[in-house]
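Enquirer: Sharing a structure, written as structure tokens. Questions coming.
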Amino acid sequence: MAKIQVKTKINGEETEFLCQPYDTVLDVLRRDLNMTGTKEVCSTGDCGACSITMDGRLVCSCLVLAAETEDKKIETIEGMAKNGKFNVLQKTFLEHAALQCGICTPGMLVAAKSLLEKNTNPTETEIRYWLAGNLCRCTGYDKIVKAVQAAAEEIRENA
Amino acid sequence: MKPCNFKYIKSSSINEVLDVLDIHGEKAQILAGGQSLISMLNMRIANPEIIIDINFLKDVISLENKDNTIEIGPLFRQLELENWSDLKSKLPLIYQSIPYVGQIQHRARGTILGSICHGDPTSELPLCFLALNGKIYLKSKKGLRSISANDFYLGPLLTSKNSNEIAIKLEFPTKKEATGYAFNEVSEKYSDYAIASFAVVTDDNKIRFTLGGIPSKPTVIEWDMKNFEFIDELLNDFAWNLDIEDDQHASATYKRDLIRKVGKNTILSSVKNI
Numbered sequence: 015m016a017k018i019q020v021k022t023k024i025n026g027e028e029t030e031f032l033c034q035p036y037d038t039v040l041d042v043l044r045r046d047l048n049m050t051g052t053k054e055v056c057s058t059g060d061c062g063a064c065s066i067t068m069d070g071r072l073v074c075s076c077l078v079l080a081a082e083t084e085d086k087k088i089e090t091i092e093g094m095a096k097n098g099k100f101n102v103l104q105k106t107f108l109e110h111a112a113l114q115c116g117i118c119t120p121g122m123l124v125a126a127k128s129l130l131e132k133n134t135n136p137t138e139t140e141i142r143y144w145l146a147g148n149l150c151r152c153t154g155y156d157k158i159v160k161a162v163q164a165a166a167e168e169i170r171e172n173a
Numbered sequence: 104m105k106p107c108n109f110k111y112i113k114s115s116s117i118n119e120v121l122d123v124l125d126i127h128g129e130k131a132q133i134l135a136g137g138q139s140l141i142s143m144l145n146m147r148i149a150n151p152e153i154i155i156d157i158n159f160l161k162d163v164i165s166l167e168n169k170d171n172t173i174e175i176g177p178l179f180r181q182l183e184l185e186n187w188s189d190l191k192s193k194l195p196l197i198y199q200s201i202p203y204v205g206q207i208q209h210r211a212r213g214t215i216l217g218s219i220c221h222g223d224p225t226s227e228l229p230l231c232f233l234a235l236n237g238k239i240y241l242k243s244k245k246g247l248r249s250i251s252a253n254d255f256y257l258g259p260l261l262t263s264k265n266s267n268e269i270a271i272k273l274e275f276p277t278k279k280e281a282t283g284y285a286f287n288e289v290s291e292k293y294s295d296y297a298i299a300s301f302a303v304v305t306d307d308n309k310i311r312f313t314l315g316g317i318p319s320k321p322t323v324i325e326w327d328m329k330n331f332e333f334i335d336e337l338l339n340d341f342a343w344n345l346d347i348e349d350d351q352h353a354s355a356t357y358k359r360d361l362i363r364k365v366g367k368n369t370i371l372s373s374v375k376n377i
């Protein structure tokens, strides 16, 4: 069956790729574009490890077909550190030991970043509500919430 | 697992969608938000031969605020409704239920009409649609018809929508005077599939009680407000009249208990909200 040609913008860069109708964005990112930062875990949208943003909205890349991304703006974990410097969330995640095995971390960071872009002063409840779609089986979430709070504080101080 | 192969058709107009549906019917599946569909494709529960992507349609409404109704089009996302500034004042029931609809990730992409047409018995939006007795407009090559929520759900993931039809519009009645709305849900963890979900609309004359999660489709029952003092008995009768079975999440006894207790609390909240 004929492949589909898709033109999209990934982390600010114009990108063109060919995909099968049944390929998800996640498949294309990991297999064809060698962007393996976004993780595949459940493929059913339950775990959030594959979180990316599409036109500024947080989505599970396993639940979006690659063909649907025509003319969209995609942001992935690869676009988070700028010029070799960590994003503030990446820094606070390390400082608070908010990761262990690391599989959920890219999704957590992308999700937390999209929260802080909308709200730089979230309450603990708001953080937990926002990250409810991202599962972590190691940390028990507490350190993740603390890292997001610390990042929010740093963003507010530098604003 | 990965989806089976299918033909992907990107359509730019409703007429184009109707042409494809007319020829291929059940073999074709409409993709809007895809938050249930793509997950079912990934698990190979769904194996359509054709996927009609309607995300690029231009000739559809998004949200229109009419006198007594809110009209919603096929590409209006759940997150957009959640962020709509008038949601609380116009659709208080949806306002209460929408945080339970999937996670932020799913609501960003999932559509209102998609969820309602998917008709998952554990979903919140079909339940609210039934509680409010909204109306859905279905279009096919043969013409347009509307159907009320009371007649829409036939069984698990089964609705009166035919395979040659596309839902093009939905109407929710807006908040009425002297009417109370309440929503409640019990699940294993926040935002998981509902073990039981309740949406209640109460006014001076009647209690409209809807139950999701337990029966195989969203189920409604109405009681006269005059019988309010017998609400415990009415709920108990309702629970025993449903064909409830044990499953891996909860026993039938527990589920009947949820109907009696959480159901009653939801009714009481709706009365308080009048």
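Going line by line, the protein sequences match chains A and B.
In terms of the numbering used here, the first sequence opens at residue 15 and continues consecutively.
In terms of the numbering used here, the second sequence opens at residue 104 and continues consecutively.
By construction, the Cβ of each residue, glycine as well, lies at the ideal position given by its N, Cα and C atoms.
May I ask you to list, following chain order, the residues of the region 40-73 of chain A that have a beta carbon less than 7 Å from some beta carbon of chain B?
Expert: S57, T58, G59, G62, S65, R71, L72 and V73
Enquirer: Using the beta-carbon count (16 or more within 10 Å), is G98/A buried or exposed?
Expert: exposed
Enquirer: Can at least three beta-carbon pairs, one atom from the region 335-355 of chain B and one from the region 257-275 of chain B, be found at a separation below 8 Å?
Expert: Because the criterion of three Cβ pairs below 8 Å is not met, the region 335-355 of chain B and the region 257-275 of chain B do not touch.
Enquirer: Between which two residues does the alpha helix (DSSP H) holding C231/B run?
Expert: E227 to A234
Enquirer: Which stretch, first to last residue, makes up the beta strand (DSSP E) that contains S300/B?
Expert: A297 to D306
Enquirer: Buried or exposed for F107/A, going by 16 or more other Cβ atoms inside 10 Å?
Expert: buried
Enquirer: Could you tell me if Q19/A is buried or exposed, where buried requires 16 or more neighbouring beta carbons within 10 angstroms of its beta carbon?
Expert: Looking at its Cβ environment, which holds fewer than 16 other Cβ atoms inside 10 Å, Q19/A is exposed.
Enquirer: Suppose contacts are defined by Cβ-Cβ distances below 8 Å. Is G59/A in contact with L43/A by that definition?
Expert: no
Enquirer: When you compare the CB of I18/A with every CB in chain B, is at least one pair closer than 8 Å?
Expert: yes
Enquirer: In chain B, what lies closer than 8 Å to G147/A by C-beta?
Expert: Residues of chain B passing the Cβ test: G205, Q206, I207, Q208, H209 and S294.
Enquirer: Given this structure, state the Cα-to-Cα distance separating P229/B from E171/A, to the nearest angstrom.
Expert: The straight-line gap from Cα to Cα measures roughly 44 Å.
Enquirer: Please report the distance separating the alpha-carbon of F333/B from that of D254/B.
Expert: Straight across, the Cα-Cα distance linking F333/B with D254/B is about 28 Å.
Enquirer: Using a Cβ-Cβ distance cut-off of 8 Å, determine whether I141/B contacts chain A.
Expert: yes
Enquirer: Which runs of the alpha helix (DSSP H) spanning at least 4 residues fall entirely within the region 114-147 of chain B, listed in chain order?
Expert: 117-127 and 140-145
Enquirer: With a threshold of 8 Å between beta-carbons, can Y155/A be considered close to chain B, or not?
Expert: no
Enquirer: What are the uninterrupted segments assigned as alpha helix (DSSP H) that are 4 or more residues long and contained completely in the region 317-354 of chain B, given in chain order?
Expert: Annotation: the region 317-354 of chain B contains the following complete segments of the alpha helix (DSSP H) (minimum length 4 residues), in chain order: 334-344.
Enquirer: Within 8 Å of any Cβ in chain E, is that where the Cβ of Y111/B sits?
Expert: Given the protein chain composition of this structure (A and B), no chain E is represented.
Enquirer: So that I know if they touch, is there some Cβ in chain B lying closer than 8 Å to that of C76/A?
Expert: yes
Enquirer: Please confirm if L79/A has its CB atom under 8 Å from at least one CB of chain B.
Expert: Answer yes: the Cβ-Cβ gap between L79/A and chain B drops below 8 Å somewhere.
Enquirer: When you compare the CB positions of F301/B and G366/B, do they come within less than 8 Å of one another, or not?
Expert: yes
Enquirer: Within the 8 Å Cβ cut-off, does E89/A reach chain B?
Expert: no
Enquirer: Measuring straight from C-alpha to C-alpha, what distance separates V55/A and S249/B?
Expert: 41 Å
Enquirer: Take L196/B as the anchor and find which of N145/B, K279/B and K329/B has the nearest alpha-carbon.
Expert: Per the Cα distances, K279/B.
Enquirer: Determine contact between the region 143-162 of chain B and the region 69-87 of chain A, defined as no fewer than three beta-carbon pairs at a distance below 8 Å.
Expert: yes
Enquirer: Would you verify that the beta carbon of Q138/B is, or is not, closer than 8 Å to some beta carbon of chain A?
Expert: yes
Enquirer: If we count the other Cβ atoms within 10 Å of its Cβ and call it buried at 16 or more, is S188/B buried or exposed?
Expert: exposed
Enquirer: For the candidate residues K358/B, Q351/B and D346/B, whose alpha-carbon lies nearest to that of A299/B?
Expert: K358/B
Enquirer: Cβ of P35/A less than 8 Å from any chain B Cβ?
Expert: Using beta-carbon distances, P35/A counts as an interface residue toward chain B, with a partner under 8 Å.
Enquirer: Using 8 Å as the cut-off, can you tell me whether the region 86-97 of chain A makes contact with the region 144-162 of chain A, which would need three or more C-beta pairs spanning the two stretches below that distance?
Expert: The way I'd put it, the region 86-97 of chain A doesn't touch the region 144-162 of chain A; fewer than three beta-carbon pairs between them come closer than 8 Å.
Enquirer: Strictly below 7 Å CB to CB, what residues from chain A border N145/B?
Expert: S57, T58 and C76
Enquirer: Drop a sphere of 10 angstroms on the beta-carbon of C107/B, count the other beta-carbons inside from all chains shown, and report buried for 16 or more, exposed for fewer.
Expert: exposed
Enquirer: From I377/B, D170/B and S290/B, pick the residue whose C-alpha is nearest to that of A281/B; which is it?
Expert: Taking each of I377/B, D170/B and S290/B in turn and checking the Cα distance to A281/B, the smallest one comes out for I377/B.
Enquirer: Using a Cβ cut-off of 7 Å, pull out every chain A residue sitting near P106/B, in sequence order please.
Expert: Residues of chain A passing the Cβ test: Y36.
Enquirer: Could you tell me which chain A residues have their CB closer than 8 Å to the CB of L182/B, listed as they occur along the chain?
Expert: Contact annotation for L182/B against chain A: R71 [CB-CB distance below 8 Å, chain order].
Enquirer: Which residues in the same chain as E152/B place their Cβ atom closer than 8 Å to its Cβ, once the five residues preceding and following it in sequence are excluded?
Expert: F109, K110, H127, K130 and A131
Enquirer: Give me the DSSP bridge partner(s) of D156/B.
Expert: Answer is K113/B and L134/B.
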